[in-house]
Structures are given as structure tokens and as C-alpha cells.
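Protein chains: 2
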Amino acid sequence: MFELENERTELLKKIEDDLERKQYAHLRDLLLPLEAADIAALCEEMDDKVPLMFRLLPKELAAEVFVELDSDEQEILIRSFSNTELKEVLDELYLDDTVDIVEEMPAIVVKRILQHSDPDTRKSINEILKYPDDSAGSIMTTEFVDLKETMTVEDALKRIRRTGPDKETINICYVIDDGRHLLGLLSIRTLLLSEEDDVIHDIMQTNIISVQTLDDQEAVARSLSKYGFLALPVVDQENRLVGIITVDDAMDVLQEEVTEDIEKMAAMLPSDKPYLKTGIFETFKARIPWLLLLMISATFTGQIISTFENALAAATILTAYIPMLMDTGGNCGSQASVSVIRGISLNEIEFSDLLQVIWKEIRVAVICGVALSAANFVKLMLVDRLLFHNQLVTIPVAAVICSTMVCTVLCAKLVGCTLPLLAKKIGFDPAVMASPFITTIVDAISLLIYFQFASAILGL
Amino acid sequence: MFELENERTELLKKIEDDLERKQYAHLRDLLLPLEAADIAALCEEMDDKVPLMFRLLPKELAAEVFVELDSDEQEILIRSFSNTELKEVLDELYLDDTVDIVEEMPAIVVKRILQHSDPDTRKSINEILKYPDDSAGSIMTTEFVDLKETMTVEDALKRIRRTGPDKETINICYVIDDGRHLLGLLSIRTLLLSEEDDVIHDIMQTNIISVQTLDDQEAVARSLSKYGFLALPVVDQENRLVGIITVDDAMDVLQEEVTEDIEKMAAMLPSDKPYLKTGIFETFKARIPWLLLLMISATFTGQIISTFENALAAATILTAYIPMLMDTGGNCGSQASVSVIRGISLNEIEFSDLLQVIWKEIRVAVICGVALSAANFVKLMLVDRLLFHNQLVTIPVAAVICSTMVCTVLCAKLVGCTLPLLAKKIGFDPAVMASPFITTIVDAISLLIYFQFASAILGL
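Rendered as C-alpha cells:
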């Protein structure tokens, strides 16, 4: 693991060698000790040789590798499969993985997959496909161990031994009644550490945290992580157990959602493909809407400068400090907004904390503002005036710049911490209230403050 | 779960009521059905009543709640414990949790904890404490199930039944030789689904992915997530098994590391406390270094403006478009840098992909630049010239602005995608090469381009 770049390159070379010289037995021995995820990563560099490599793997490992491949490669493979091969792979897959694959394939491939799944699987796939994207239902699996509360531990272990091989996990077992209502759960650990004749009813845990099929997948993954569970049961509105979500799927969800948040914070529409796999036009489409919108908004800032054109012409030195004031304002604003956005997504900050957040940011802003102003004053006087002999940098000019700094920092922090919480309150995604958006607003504010101080102190 | 804000408030009110009227039995019944993490969240609002609430809980639940509390509250509780109480809680804790707590406590509390741990635990705590922060060793637990390869499945299950109650997980068991070298592993599922007289040697998995005590905790957590494992074994340099890292701890690590990355991207020093729990001065210290540094760098931009003062005085209209050009450049740059930074932290992009990344960004930049220029030209001509009758907005001026736009977008995307990869290459953290830093560089570049075009086209 943690293959170094050159280890990996070496392995790739060996594989290509074997493929070329048709040393398939040797190639197979090379692949067998690897993890499925690593083989999949290697496959992605092999292009049209993937089906060949794939056929060398034992059935079970082949299925694991298949799940880890990109949907593009999966499609190529499925198209290259004979019907028997397709059926063999499908039989080895867990249900939730099959559903993930079906969701990404074009209609004609989906039809072929459904034709070659057994009728029970087909029914389950169709049911899971009905749940909306990003819902708990869409990421759950229906392959869990269910027990009756009247069973003894011995019965339960027998049932697990019989049905276990087809289940996604046996670490947590779920106890249901005849109407499939969720009554309790117990871990395999509890089962193993109990006496053989203990009755499930007496040892199961009945304080159950469950989620509903339509709950948001991110919230589900967060609570799985918060409570440190290995799986969460998914119930319908009548509390009937319909599936479970396992910790590995929750980790994937969290990772995707974080990437989405980060993309939104940098003014991009979220994409669900890795950077190097996204086409040029797709990347363009994800980036241009916010760029356009922010460009148009930035013209207001230009408008403000136009309005004060005469003031600037009278004191040209002021223009030179515009970028510094705007950038510092933008940075202060994005620090505050990003702190609050992350706090919201970790459930550390709620809208009801608004006043507390504002009060905190005001105090931080005052200290930051004063510190920055002081540094700036020293720099103006020592560097700009004494060192570079810029006689236009007078004490009044420095006063304008430093007062603007304090006020800009204060406004920037306030705007930055308030907007994400307001966005959340009215049902918008707080993540879009990050740097680029805040910067545009703060730019305008800082210029207005600048010209106010300039006309007040310099009498322009 | 997913308690609504008002459910939670209601519960808090009930608890306060019970505390006031000393209805402890009722309060206990109120708390018992809750998850430990939820009780801990409630405790954090109870201040000095925490020790009282804590004593109402049954021993095991109390220990679970204790682990979930903030270190401040843990300290208050430990200080309020009698020696017997402290020993009771410590006996219930898993070793890795005890280590986490010890790491956060002041020396005097640590001494008391170590005094009241049993000698074996004390030894293990001291060993784990020796590993550097952020290393695999510092987050592992030494409480795992170890088996011998000569055992039968029956022996193994007996051993698990005997030692299981004290282990953090029994889902994965590790097979070691007499020198504690790691030989293989097997899941409880394999054990349960095998015959009683199967020998461990024959059914264990020997392709093991393990990590070393000094490996970075983030890399460990990422590979746990990548392979979908429930635990990873930690070995020393002689391949002796010293501990395991479980999936719940890995999820916490990933969450912390993402928060750190996000903070760095917004020009803050990372902090490991939740936003509302961080003191004003701490927040100030995390924010001011980058603000100062970026403020100083932004003065170069000012220097550029000063240099071209005469050009600006001759065509004052140019000043009005500076913010728009700078902001758009900054946004383009941060889109590219953030995409690349996230790709690096997900291991999707390596330094060897540099040329591929640059080629991709060049093409995206050209399309974005042309689209933004076109939109801008239309806006300049229709809105600024026709609608607002600004006769200074001539075709040559529009040409300067639009050409600058295309070149700025191109430079911004190039700088944005290159710097994180270069930072990674020379061993810096790519995350600091995000928006604020890129913006500062791009600001200067865009101004230089602007004045070049202005003097070329307008002959200033």
C-alpha cells in the first residue's frame, strides 16, 4: 500500500510486458496479491486490455475489481461480456453496488443487466432506483441479516451461518416482527458473547437510531460518523425495515459531499467526476456561471470608482491602495464565512447561534483591524514615505487608509459570518456564500468606506 | 435522531426542571434511551450540573458519554471525581480513548489518571503517547483480538468469547506468531462461516495491507476508506503487530483533516477546536499571520498602479474596470487551484500529471476567457455606452478590457493549477496555495497585462 510512484510505474511496465508476451499465468500471479481497489487503478491505465486482464481474475476478485472501476470502464467491460460472464459477475455483486452501476449506465446496458439478474435482485434494484438521488434509500442495501425476537442465540447463529454469505455485513443484525417492523438490533459481538440459549428478545438493543428512506444521505452519513456505528437501519414511514447503510458507503458519501462543498466555496458547480476525468467542456460549464455572475456584480464596484473619479483625480495616491484594501477585506470576509460554513456542515453552528457568532466576529474583527492598521501605518510611514520618498503619503492620507482598514475588516467579518447563516435559514446552500461571493460584496463596501473617509479627512 | 432544534430545547428544559426539583429518577429515565453522543451534547449546556447528571448514568453509558465530552468538561468531571469514581470510569474506557483524554489534560490531571489506571493500561498509554502527533501510532488502540495460526475455528471462537469484552472490535481478528509478527487476518464472518475444525492457518487472509506506526494518520484514514476496511493493523519496523486503527477513528481523522484543509484554503492556521469553543484571541492568532502577509504582498499591486499613475490620469475610465478584472482573475485562479488541491488530497492528481493538468486548464481558460470577454464586450457597449451614455467607453477601451480579460483568465488558471502541484513537490502543503494566495499574485499579473494593453492600444 501507499505505493510509491515508481513502484506503481514498475508494476505497470511488468503488466504490459506480460500482456505483450502473452504470459497470462505470470500476470495472474502478479495481480492476485493486490487489493481490488489497486487492480482497478491499474486497469484504468490499460485501455482496451481491461477485458483481457479482467478474465484472468478469479470470479470473486473480478467482481470486487469491477465495483471499483470508473463507470466508463464498467460500460466497456459489460459490452465485452458474454451473457454468461455478465451473469457471473452480477451474481457476485452486492445489491447496492449493482444499483450504483445501473444508475450510471445507458438504457441499453441497464436492460441487459436487468435481464441477467435473478428475479429477486431485479425487483430490489427497481425498488432502490425509485428513491431520489442523495436520499438514504438510494444508497442503502437490502442485503442484511434479519432475526426474530423469539429465536435463541443458537438459532440466530445458525441463521447467520446459512444466510451470511449473501449479506453485505453480518456485524450488526436486525430484529423484526412478522410485519417487518424494526424491533431491535444486536451486534455479532453481543451474539458471540451471550449464552447459546439466551433469547434474542432479552439481549437485543431496543433504543434504535434509524433513518427514513427519504432522509438526506449526507445527514445520514454524518450521524453514522457521529455515533461511530458500523451500519444504520433504514425504515419506511410505517417503521418497516427496508435496508441498511454501511459505514464504507457513508465514508464515500462524506467524501463526495465535502468535495461538493469545497467546489461550491470556490464558485464552481459541483461535479461528481475526478478532475482529470472531467471533459474540458464539462469543466467549463461548471465554472462559467459563477464567473459571469461575479463579473457582472464586480461592475458595481467599478461604478463606485467612476462616481468618485474626481476625488481620485485630485488625490491619485489613493488609487494605489485600492487593491490592498479590497484584498484584505476579501480575505477577512472569507475567513469568517468559511469558518461558519464549515461549522454549519459539521452541525456545530445553528441559526440560533447567530448573535453569538456575530459577537465573536465583532471582537475578532476589532483586534485584527487594529493590528492590520498599525502594521499598515508603520509600513506607510517607514517604507512608502521614508524609504521610497513618496511625499504624497502624508499623515492624513495614512489616516484615511488606516481608518478604512479597521472599518473594512469589521464589515467584512460581519458580512462573512452572517450570510452563510442567513442562506441556511432561507433554505439556500451556505457553501456558496464563500470567498468569491463575499469578496464581491466586500469590495464594494470597502470602496464606499474609503471614499467616505477620503472626503471627510482630505476634504475631497 | 436528527433532533429538531425545538425537540432539543424541550428536552433541555425538562432536564433543568428535573434537576431543580431533584427528580433524579425521572431524569435518569429521560437520559437512558439517548445515545452517548446526544447526552454529551446536552451536558455541554449544563455547566456545573454535569457531575450530577453524570452520576445518574449507569457505569458503561457514563464512560461512553465521558468520551464524547469536550476536554474542558472532561477536566471538570475528572476534578470532581473521587478516586474510586475515576477508577471506575477509566476501567470502562477503551485504551485509545484514554490516550486521547490524557493528551488533552494538564499534567496534574494526567498524573492522577495514570495513578488510577491498572499497570498494563498505564504501560500501553505511555507507549502510545510516545508516537508523534498525527502519526498512525498516536491514534491506534492496542486492544485487538490476536489468534495463533495453529488454532482451530472452535479455539478461536472460544478465545474471542473469553477476551472479546475488553476489545475495541472483534470484527477483524489478527493472526500473529510467537514473536508477535503479523501473519494474517480474518473477519469474524469468515470464522462464523467456517467449519469448527478448520485451522486458522488455512482460512486466514495473508495479503495484508498494514501501516507503520509513524505513517501519517491522514494517509492511513484515506486508505482505510479507499479499501472499505473496518480496521487496519499497525506494525512496527520489524512487522510486529502493535495496534489497530478502527474505521470510526479514521472517520474522525478524515473530518479533522478536511476542516484543516478548508481553513488553510481560506488563509487561516488550522485549529482543532469547534468554532464557537475557540477563544477570541485564539481565533485572532489563527487569522492574523496570513492577513498580514497577504496585506504586505498586496502592496506590490499598489506599486504597479503607482507606476502607471500617468496612464491612469490620462484615461481615468480605466480605473473603473480594475476591480472587475482583478476579481475575475482571482475567481478563475481559485477555481483552478481548489480543483487541483482537492484532487491532490484525494490522491487523484500527482506531480507527474502536471503537464496534463496544465493542458487541460489552458483549454478551459481559453473557452472561459472568450466567453467572459464576449459577455463583457456586450455589457460595455450596451449598458455602459448606450444605456448610461458613458462616452469614454470607446471601442479601443473595450478592446483593452476584453483582451486583458482573456490573458488574465489564462494566466490565472495557469498559476492556479501549477502552484499547488509545485508546493506539493517541494514538500509544502498544497492547501495554502488556494484563493487568497492566488488572488494576490493574479491581481498583480492582471494589472501588468492591463497596462500593457492600454499602452499598446490606447498609446498611453
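Protein chains in written order, with our numbering: chain A, 93 to 552; chain B, 93 to 552. Yeah, the Cβ is synthetic: ideal placement off N, Cα and C, and Gly gets one too.
Check your understanding: How many whole angstroms separate the CB atoms of T305/B and A323/B, which I take to be in contact at a CB cut-off of 8 Å?
Key -> Not a contact, Cβ separation roughly 15 Å.
Review point. Less than 9 Å separating the beta-carbons of A117/A and V157/A?
Key: Contact flag unset, no.
Point to revise | Presumed contact (8 Å Cβ cut-off) between T531/B and G425/B, rounded CB distance | key: Indeed, because the Cβ distance is near 7 Å, the residues count as touching under 8 Å.
Check your understanding: Mind pulling the chain B residues with CB within less than 9 Å of T531/A?
Key -> Chain B residues near T531/A: D419, G422, N423, S527 and T531.
Review point. Just by C-beta distance, which residues in the region 433-461 of chain B are closer than 9 Å to chain A?
Key: So the close ones are I433, R434, G435, L438, E440, I441, E442, F443, S444, D445, Q448, V449, K452, E453, R455, V456, I459 and C460.
Practice item. Kindly say whether M93/B, judged by its beta-carbon, lies nearer than 9 Å to any beta-carbon of chain A. Key: Only weak support is given to the placement of M93/B: the predicted model assigns it a pLDDT of 43, under 50, and the value that follows is read from those uncertain coordinates. Closer than 9 Å to some Cβ of chain A, the Cβ of M93/B qualifies, so yes.
Practice item. Identify whether V485/A lies in helix, strand or coil by the three-state DSSP scheme. Key: Here V485/A sits in coil by DSSP.
Review point. Quick one, are the C-beta atoms of L346/A and S302/A less than 9 Å apart?
Key: With respect to S302/A, L346/A sits apart: the two C-beta atoms are not nearer than 9 Å.
Point to revise | Members of the region 395-406 of chain B that neighbour chain A once the beta carbon cut-off is set at 8 Å | key: Of all residues in the region 395-406 of chain B, the ones placed with a Cβ closer than 8 Å to any Cβ belonging to chain A are Q395, I397, S398, E401, L404 and A405, in chain order.
Review point. Residues in the region 282-311 of chain A with C-beta within 8 Å of chain B's C-beta atoms, listed in sequence order?
Key: Answer in chain order: L284, L285, N299, I301, S302, V303, D307 and A311.
Point to revise | For S444/A, the first and last residue of its enclosing beta strand (DSSP E) | key: The continuous stretches of beta strand (DSSP E) do not include S444/A, and DSSP gives it neither H nor E.
Practice item. Quick one: give me the first and last residue of the alpha helix (DSSP H) that V339/B is part of. Key: For V339/B, the uninterrupted alpha helix (DSSP H) run begins and ends at V339 to M357, by DSSP.
Practice item. Quick one: residues in its chain with C-beta nearer than 7 Å to the C-beta of A477/A, no 5 flanking neighbours on either side, listed in chain order? Key: Reading off the sequence, residue 477/A comes out as Arg, not Ala. Here R477/A has V485 as same chain residues with Cβ atoms under 7 Å from its own Cβ, once five neighbours each way along the sequence are excluded.
Practice item. Flag R120/A as yes if its beta-carbon sits less than 9 Å from any beta-carbon of chain B, otherwise no. Key: Under the Cβ criterion of 9 Å, R120/A is not counted among the residues facing chain B.
Check your understanding: When DSSP builds the beta bridges, which residues end up paired with C265/A?
Key -> DSSP, once it has assigned bridges, lists V237/A and L278/A as partnering C265/A.
Exercise for review: Return the CA-CA distance between I300/B and G276/B, expressed in angstroms with no decimal places.
Suggested key: When rounded, the distance between both Cα atoms is 7 Å.
**Study point:** Endpoints, alpha helix (DSSP H) assigned at P143/A
**Key:** Its alpha helix (DSSP H) spans residues V142 to L148.
Check your understanding: Where does I231/B sit, in a helix, a strand or coil, going by DSSP?
Key -> Helix, per DSSP.
Check your understanding: Is there a Cβ from chain B that is less than 9 Å from the Cβ of I496/A?
Key -> As written in the sequence, residue 496/A is Thr, which differs from the Ile given in the question. Put simply, the CB of T496/A is far from chain B, with every gap to its CB atoms at 9 Å or more.
Point to revise | Spatial distance of I533/B from R379/A (CA atoms) | key: Approximately 20 Å between the Cα atoms of the pair.
Point to revise | N- and C-terminal bounds of the alpha helix (DSSP H) containing V327/B | key: Segment A323 to V327 is the beta strand (DSSP E) holding V327/B; no alpha helix (DSSP H) there.
Review point. How far does the alpha helix (DSSP H) with A129/A in it reach, from first residue to last?
Key: Element bounds for A129/A: A128 to C135.
Point to revise | chain B contact residues for R253/A, given Cβ-Cβ distances below 7 Å | key: The answer, in chain order, is L284 and L285.
Review point. So, helix, strand or coil for L421/B, using DSSP?
Key: The sequence given here places Gly at residue 421/B; Leu does not occur at that position. If DSSP states are grouped into helix, strand and coil, G421/B belongs with the helices.
Exercise for review: Return the Cβ separation of S398/B and A526/B in integer angstroms, given the expectation that the two are a contact with Cβ distance under 8 Å.
Suggested key: Contact doesn't hold; Cβ gap of about 28 Å is too wide.
Exercise for review: Less than 8 Å between the CB atoms is what I'm expecting for E167/A and M197/A, so what's the real figure, rounded?
Suggested key: The pair is a contact, with the Cβ atoms about 6 Å apart (cut-off 8 Å).
Check your understanding: Which residues, taken in chain order from the region 364-396 of chain B, show a beta carbon closer than 8 Å to some beta carbon of chain A?
Key -> Within the region 364-396 of chain B, the residues whose Cβ lies closer than 8 Å to some Cβ of chain A are P366, Y367, L368, I372, F373, T375, F376, R379, I380, W382, L383, L384, L386, M387, I388, A390, T391, T393, G394 and Q395, listed in chain order.
Review point. Is it right to say Q448/B is buried, meaning 16 or more other beta carbons lie within 10 angstroms of its own, or is it exposed?
Key: The residue is exposed, with fewer than 16 neighbouring Cβ atoms inside 10 Å.
Review point. With 16 as the cutoff for other CB atoms within 10 Å, does A313/B come out buried or exposed?
Key: Buried, since its Cβ has 16 or more Cβ neighbours within 10 Å.
Check your understanding: Is there at least one Cβ from chain A nearer than 9 Å to V430/B's Cβ?
Key -> Yes, contact with chain A.
Check your understanding: What does T408/B reach in chain A if we use C-beta pairs closer than 8 Å?
Key -> Ordered by position in chain A, the residues that pass the 8 Å Cβ test against T408/B are E401, L404 and A405.
Practice item. Assign R50/A to one of two classes, buried (16 or more other C-beta atoms within 10 Å of its C-beta) or exposed (fewer than that). Key: This structure cannot settle anything about residue 50/A, because the visible part of chain A is limited to 93 through 552.
Check your understanding: So with Cβ pairs under 9 Å, would you call K105/B a contact of chain A?
Key -> Chain A, which has no Cβ nearer than 9 Å to the Cβ of K105/B, makes this no.
Check your understanding: Contact between the region 244-263 of chain A and the region 216-227 of chain A: three or more CB pairs below 8 Å?
Key -> In short, these stretches do not touch, since the Cβ pair count stays below three.
Check your understanding: At what residues does the alpha helix (DSSP H) containing V201/A begin and finish?
Key -> Run containing V201/A: A199 to H208, per the alpha helix (DSSP H) assignment.
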